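Take a look at the structure below.
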Amino acid sequence: MQSQRFRTRLKTPPGLRPADRSPKNSLLSMMTTTSTQTGIETRGVFKRLFELVFLNTVRREPVAGLSAQPGSNGTSAVDRSGWLIRIGLVLLIAAAAMAARPVLADETGNPLDLLRQGSMSEREQAVEQLAADSANLKLLQALQDGKLFELKAEAKLAIGLETQTGYSLTDPISGASLGEVERGAVGKINLNNKLRTLLRKAIGQLQLNHADPAVRLGAVQAMAKNVDDKALALLKDHLDHEADAEIVAAIRSVLLLQDINSPDKSQRVNAITTLKEFDSQDAVNKLQALTEKDADGNFVEADSDIRNLAEAALIKIRGRMQAYAAIETVFFGLSLGAVLVLAAIGLAITFGVMGIINMAHGELMMLGAYTTYVMQQLLPNNLGTALILSIPMAFLVAALVGIAIERGIIRFLYGRPLETLLATFGVSLFLQQAVRSIFSPLNRSVATPDWMSGSWQINDFLSLTWNRFYILIFCLLVFTALLQILKRTKLGLEVRAVAQNRGMARAMGIPTSRVDAMTFGLGSGIAGVAGVALSQITNVGPNLGQAYIVDSFMVVVFGGVGNLFGTLVAGFSLGIANKVLEPYAGAVLAKILVLVFIILFIQKKPRGLFPQKGRAAES
Amino acid sequence: MKRLSISFRKLATAAALSTALFGAAGSAQAEDTIKVGVLHSLSGTMAISETTLKDTMLMLIDEQNKKGGLLGKKLEAVVVDPASNWPLFAEKARELITKDKVSAIFGCWTSVSRKSVLPVIEELNNILFYPVQYEGEESSKNVFYTGAAPNQQAIPAVDYLMNDLKVQRWVLAGTDYVYPRTTNKILEAYLKAKGVKPADIMINYTPFGHSDWQSIVADIKKFGSAGKKTAVVSTINGDANVPFYKELGNQGIKAEDIPVVAFSVGEEELSGMDTKPLVGHLAAWNYFMSVDTTKNAAFIQQWKDYIKNPKRVTNDPMEAHYIGFNMWVKAVEKAGTTDPDAVQKAIIGVEFPNLTGGTAKMLPNHHISKPVLIGEIQEDGQFATVWQTNKVVDGDAWSDFLPDSKPIIADWTAPINCGNYNTKTKKCSGQNY
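First to last, the sequence lines map onto chains A and B.
Under this note's numbering, the first residue of the first sequence is numbered 108, with each subsequent residue one higher.
Under this note's numbering, the first residue of the second sequence is numbered 2, with each subsequent residue one higher.
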């Protein structure tokens, strides 16, 4: 039975530092190291020894790793009086290590030490203690951001910023610099979800008096997530001396939500009538609760006036929700369409204008994505700059490879589409294997810069993600740029001339074979640029290209071969169609339905949405 | 012209000679080695995951040879590449057994590849060790399942969410193929048996490699904002996970609000991802690289040394191969022969220590007992264990939560000797595929 209690107590693997838990460390060596440490609290020494003894005892058991029980996250139920601590170390060890821990778990020691080496539940206590004083705000924020470290040698906490070789440290309370250390000298303080929730609330409460209104608003929102009496009182107090209108509104809505269940009927009526103008998910949930029935079929809310009011308010809010949902679907469709257009637009040139079936088009996108990866490796501290620089780089890399493919293979195969198809398919396999050999077959992780992550939260029902937003704009920019190149530059003129009538163009003195190479390079380069965008939303791996090649051909064929505007319209309409169908049919079926639609459409209009007109197209 | 023909003749002679020499050497070697087949894809989509397992097997065989081999003979790995092509798995298995005369095969990853190998391995009566967590509902005389059955991964994970995190609404999201579909069927039945209303369960399937998660994540967000604690149980497989977690992060869904517990995201997968948006989400496995035991530390060191890369990680299927291989070695030693029939009998009841502490035991249903661990993803791509079972869980081949498979058990010892024995009708249907 004793060993059973052992096990429930020893449930702290994430909180403990590896050094403490390594069975290799003998008690003796541990004692010598701790005694040489300066400034360590006596209790800390005890505690480390107890953990060591305790852990080693259990480790020797055959089922050491399987010792935990669900839900027993180390909180102590055993209350031992404090004098036990003062009994000598030897006695304690002899008296069985299991007695030691409950005592320590209950002690209200220095919260910083608890944070540093306590179990997860001890860290919770520590955070609650630290949250009482606003001087600890920096420390708590660092903890939340995963920037709080333990200096192993000095047994203290420090905020660390990653540098090239290690971390530059600052003191969490005073903010004084502590110099730089190597990576191995510090250990990160780990968190779990419970702690993160707690931290969010604690930081919110501390930030309520921050100078920056945006921070204050964030604090109110963090507190609104789970309101308790303490938070409510804080918010009510704060309302009196808050000047910012937006924050006042945010606090008011929190208070109004509480008013729904107030004993005063007029207050409730007032709350409901005000809330029905709010786009708030919390309001919907609260109102919903008023209209529900319990298990016996009776309404939970006895007052029928309130119930009817709530139902009317719900209908009003739901109407707005549907409108927002429609906007959201259109945005999702446009952003999916933007990805399709980006992938297809290079193909619209090589396939549409030149008539080459380039099966390696997807791999050119893959090269663009890998260029982004390489750029980020070269500039690890400037992810945003790396991303922007990779746009011209990817264009260059993909364009050069494209020109090499055209000069090396395709130019010998003009007029023989089947052979071109097979040859470029071979090239695609070659490029995939090359990437596998150079970068390994595993996917590479391309980081998203901060300004591209997160979303633009318009209200509770509508938020647009930034990365999709930027890609949509990027797609339109690339499209406009390409259109301008084709319309206004000499190359564009030559490309169009060669596409319309090769023989005539040559007779006019246009070097057609050079124009072919340049056109193919242009289409390939655009594919590379598309790869940069794809690296932000999907996996960068050797198979990246294969996933998009079919979609690209689909868009070009649907839009009408040789028409850039057709590609744009086709991409966006396929994207929206997909997203409108998805909620009803599911992702798998939606894709199938769109494919079936395109097959039928091509039967009816084999030249796509916007067929080319004129003599050149008909011949 | 003349010179060319001479050199060609020379070349041909040399080639013939060397073939003869190597052939002789090869056959001479075959006399005194025990051959072990390694059937993992080294190219194609599954290469990402399976190449690691091939290397793990080579390392284990290498180590066994250093210890002096098996039954006084050296072990020899025969590596073939089924190229992520499911029918090719069956062909390669046949080749391994009939041509190379291997004593056992270690291999497969996806359920569909295992199903493809099953008829071959049963017809030719050999042994397959299958190291990946799977959907259950199977027990073959010739297959040993060293990965987790649903009751060793999915069910405990759901229990944890329900009891510890008080989750009331469930999203079951998966890739559209046999493993997620069967697992979700079991989970749905289990949740309903626990009193969860059908309105509180949302099921969603997506194709392999799905990358546009916007509307699905938006749906999850709406589903999860109804005031009840919501969790996502993810059987999403392969690299579709990366854009999925990215989208979760971008749409502001935090692990504290709607945790995602994944069954197919391990250390190896995380090493190719930007882990920032994943921190705090959960995964359920039977092994974590971060578990701190002396055995595990030694295994990790051995792996890093063998692969000559200090950044490589270990994962759950690797541990499964480690246990499976060592159990096979023990069984061969016990039987005194590599004859599949004798080994199949000898291996039942064989025990071997896990890397995470505790002991794995081969059960009569050809599954093994395993601990279940639930971990939170950390920024460094490792897991911090937040919950684990207090003892090992026996693998159950036939789920108790599906009405059809409830009365069925697998027991490969006398007197039942059957992979799907119906305890009600007292009949053995004997059909696995």
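Glycine included, each C-beta is placed from N, C-alpha and C at the ideal position.
These numbers were taken from a predicted model, which means no experiment stands behind them.
Out of Ile221(B), Gln215(B) and Phe326(B), which has the shortest C-alpha to C-alpha gap to Ile202(B)?
Counting from 1 along the second sequence, the entry for residue 202(B) is found at position 201. Comparing alpha carbon positions, the residue from Ile221(B), Gln215(B) and Phe326(B) closest to Ile202(B) is Ile221(B).
Own chain, CB closer than 7 Å to Pro556(A), minus 5 neighbours either side, in chain order:
Against the first sequence, residue 556(A) aligns to sequence position 449. Counting only residues of its own chain and dropping the five nearest sequence neighbours on each side, Pro556(A) has a CB closer than 7 Å to the CB of Leu490, Gly491 and Leu494.
Note down, one range per segment and in chain order, each alpha helix (DSSP H) of at least 4 residues found wholly within the stretch 571-634 of chain A.
Taken in chain order, the complete alpha helix (DSSP H) segments of 4 or more residues contained in the stretch 571-634 of chain A are 573-595, 597-607 and 609-614.
Spell out a yes or no on whether the stretch 703-711 of chain A and the stretch 658-666 of chain A are touching, meaning 3 or more CB-CB pairs, one atom from each, closer than 8 Å.
The stretch 703-711 of chain A is in contact with the stretch 658-666 of chain A.
When you compare the CB positions of Ala150(B) and His367(B), do they come within less than 7 Å of one another, or not?
As a position in the second sequence, residue 150(B) is number 149, starting the count at 1. As a position in the second sequence, residue 367(B) is number 366, starting the count at 1. No Cβ-Cβ contact shorter than 7 Å links Ala150(B) with His367(B).
So, is Asp317(B) buried or exposed, given that buried needs 16 or more other C-beta atoms within 10 angstroms?
The sequence position of residue 317(B) within the second sequence is 316, counting from 1. Burial call: buried.
Is it the case that the Cβ atoms of Leu471(A) and Ala505(A) are separated by a distance below 7 Å?
Stepping through the first sequence from its first residue, residue 471(A) is reached at position 364. Stepping through the first sequence from its first residue, residue 505(A) is reached at position 398. Yes, the pair counts as a contact, with Cβ atoms nearer than the cut-off.
What's the C-alpha gap between Thr236(B) and Gln374(A)?
Along the second sequence, read from residue 1 onward, the residue named residue 236(B) stands at position 235. Along the first sequence, read from residue 1 onward, the residue named residue 374(A) stands at position 267. Using only the alpha carbons, I get a separation of about 48 Å.
Same chain, Cβ closer than 7 Å to Lys711(A), neighbours up to 5 away in sequence not counted:
Here residue 711(A) corresponds to residue number 604 of the first sequence, with the count starting at 1. Residues of the same chain with a CB within less than 7 Å of the CB of Lys711(A), apart from the 5 flanking positions on each side, do not exist.
Taking only runs of the alpha helix (DSSP H) that begin and end inside the stretch 50-119 of chain B, which ones reach a length of at least 4 residues, in chain order?
Those alpha helix (DSSP H) runs which fall completely within the stretch 50-119 of chain B and span 4+ residues are 87-95.
Quick one: using the 10 Å Cβ neighbour count with 16 as the cut-off for buried, is Pro244(B) buried or exposed?
Counting from one through the second sequence, the residue named residue 244(B) turns up at place 243. That one is buried.
Presumed contact (8 Å Cβ cut-off) between Val647(A) and Tyr480(A), rounded CB distance
Here residue 647(A) refers to the residue found at position 540 when the first sequence is read from its first residue. Here residue 480(A) refers to the residue found at position 373 when the first sequence is read from its first residue. Yes, Val647(A) and Tyr480(A) are in contact; Cβ-Cβ is about 6 Å, under 8 Å.
Below 7 Å between beta carbons: does that hold for Ser216(B) and Phe679(A)?
Along the second sequence, read from residue 1 onward, the residue named residue 216(B) stands at position 215. Along the first sequence, read from residue 1 onward, the residue named residue 679(A) stands at position 572. Result no, Cβ atoms of Ser216(B) and Phe679(A) do not sit closer than 7 Å.
Out of Leu571(A), Glu526(A), Trp573(A) and Val508(A), which one is the CA nearest neighbour of Ala541(A)?
Position 434 of the first sequence, counted from the start, is the residue given in the question as residue 541(A). It is Val508(A).
Since Gly273(B) is in the alpha helix (DSSP H), which residue starts that stretch and which ends it?
On the second sequence, position 272 is the one that residue 273(B) refers to. The continuous stretches of alpha helix (DSSP H) do not include Gly273(B), and DSSP gives it neither H nor E.
Under 8 Å between beta-carbons, which chain A residues line up against Asp275(B)? List them in chain order, please.
Working through the second sequence from its first residue, we reach residue 275(B) at position 274. Residues of chain A passing the Cβ test: Ser552, Val553, Ala554 and Thr555.
For Ser570(A), return the contacting residues in chain B, with the cut-off set at a CB-CB distance below 8 Å.
Counting from one through the first sequence, the residue named residue 570(A) turns up at place 463. Under the 8 Å cutoff, chain B gives Gln252 and Gly253.
Out of Lys102(B), Ser50(B), Asp213(B) and Tyr307(B), which has the shortest C-alpha to C-alpha gap to Gly267(B)?
Position 266 of the second sequence holds residue 267(B). If you compare the alpha carbons of Lys102(B), Ser50(B), Asp213(B) and Tyr307(B) with that of Gly267(B), the shortest gap goes to Ser50(B).
Using a Cβ-Cβ distance cut-off of 7 Å, determine whether Arg414(A) contacts chain B.
Residue 414(A) sits at position 307 when you count from the first residue of the first sequence. Contact of Arg414(A) with chain B is not assigned, every C-beta pair being separated by 7 Å or more.
For Glu435(A), is the classification buried or exposed, using 16 other Cβ atoms within 10 angstroms of its Cβ as the cut-off for buried?
Numbered from its first residue, the first sequence carries residue 435(A) at position 328. Label assigned to Glu435(A): buried.
Using a beta-carbon distance below 7 Å, is Val243(B) in contact with chain A?
The count along the second sequence starts at 1 and reaches residue 243(B) at position 242. Yes - at least one Cβ of chain A is within 7 Å of the one on Val243(B).
For Gly382(B), count neighbouring C-beta atoms within 10 Å of its own C-beta (all shown protein chains included) and say buried if the count is 16 or more, exposed if not.
In the second sequence, the residue the question calls residue 382(B) occupies position 381. Here Gly382(B) is buried. Its C-beta has 16 or more other C-beta atoms within 10 Å.
Could you tell me whether the stretch 404-414 of chain B touches the stretch 144-163 of chain B, using the rule of 3 or more Cβ pairs below 8 Å?
No, they do not touch.
Just how far apart, CA to CA, sit Asp397(B) and Glu526(A)?
Residue 397(B) sits at position 396 when you count from the first residue of the second sequence. Residue 526(A) sits at position 419 when you count from the first residue of the first sequence. If you take the alpha carbons of Asp397(B) and Glu526(A), they lie about 54 Å apart.
Determine whether the Cβ of Arg303(A) lies closer than 7 Å to any Cβ atom of chain B.
As a working mapping, residue 303(A) is identified with position 196 in the first sequence. Closer than 7 Å: yes.
Which chain B residues are close to Leu475(A), counting only those with a beta carbon under 7 Å from its beta carbon?
On the first sequence, residue 475(A) is found 368 positions in, with the first residue counted as 1. A quick correction: the sequence has Gly, not Leu, at residue 475(A). Below the 7 Å Cβ cutoff, chain B contributes no neighbours of Gly475(A), its closest Cβ being approximately 16 Å away.
Best match in Leu40(B), Gly70(B) and Ala263(B) for proximity to Asn287(B) [C-alpha to C-alpha]
Position 286 of the second sequence, counted from the start, is the residue given in the question as residue 287(B). Distance from the Cα of Asn287(B) is smallest, within the candidate group Leu40(B), Gly70(B) and Ala263(B), for Ala263(B).
Taking the alpha-carbon positions, what's the Glu689(A) to Gly426(A) distance?
Walking along the first sequence from the start, residue 689(A) turns up at place 582. Walking along the first sequence from the start, residue 426(A) turns up at place 319. Glu689(A) and Gly426(A) have their C-alpha atoms roughly 21 Å apart.
Can Pro208(B) and Tyr246(B) be called in contact, C-beta distance under 7 Å?
On the second sequence, residue 208(B) is found 207 positions in, with the first residue counted as 1. On the second sequence, residue 246(B) is found 245 positions in, with the first residue counted as 1. Cβ atoms of Pro208(B) and Tyr246(B): not closer than 7 Å.
Under 8 Å by Cβ, that's how I've got Gly635(A) and Gly515(A) pegged, so tell me the actual separation to the nearest angstrom.
Taking the first sequence and counting its residues from 1, one reaches residue 635(A) at position 528. Taking the first sequence and counting its residues from 1, one reaches residue 515(A) at position 408. 18 Å between Cβ atoms; not a contact.
Counting only Cβ pairs nearer than 9 Å, list the residues of chain B close to Phe101(A).
With chain A covering only 108 through 726, there is no way to say anything about residue 101(A).
Using a Cβ-Cβ cut-off of less than 9 Å, give me the residues of the stretch 480-491 of chain A that come near chain B, in sequence order.
Those residues of the stretch 480-491 of chain A that come within reach of chain B (Cβ to Cβ, closer than 9 Å) do not exist; the list is empty.
Which of the three DSSP states, helix, strand or coil, is assigned to Tyr521(A)?
Counted from its first residue, the first sequence places residue 521(A) at position 414. Residue state, collapsed to three classes: coil.
Gln379(B): contacting residues in chain E (beta-carbon distance under 7 Å):
No chain E is present in this structure, whose protein chains are A and B.
Near Gln564(A), which residues of its chain fall below 8 Å by C-beta distance, leaving aside the five closest residues on each side in sequence?
By one-based count along the first sequence, residue 564(A) stands at place 457. Only residues of its own chain outside the window of five on either side were considered, and among them Ser570 have a CB closer than 8 Å to the CB of Gln564(A), listed in chain order.
In angstroms, rounded to a whole number, what distance separates the CA positions of Gln144(A) and Gly325(A)?
Here residue 144(A) refers to the residue found at position 37 when the first sequence is read from its first residue. Here residue 325(A) refers to the residue found at position 218 when the first sequence is read from its first residue. In this prediction, Gln144(A) has a pLDDT of 41, which is less than 50 and means its spatial position is unreliable; nothing more can be read from the coordinates.
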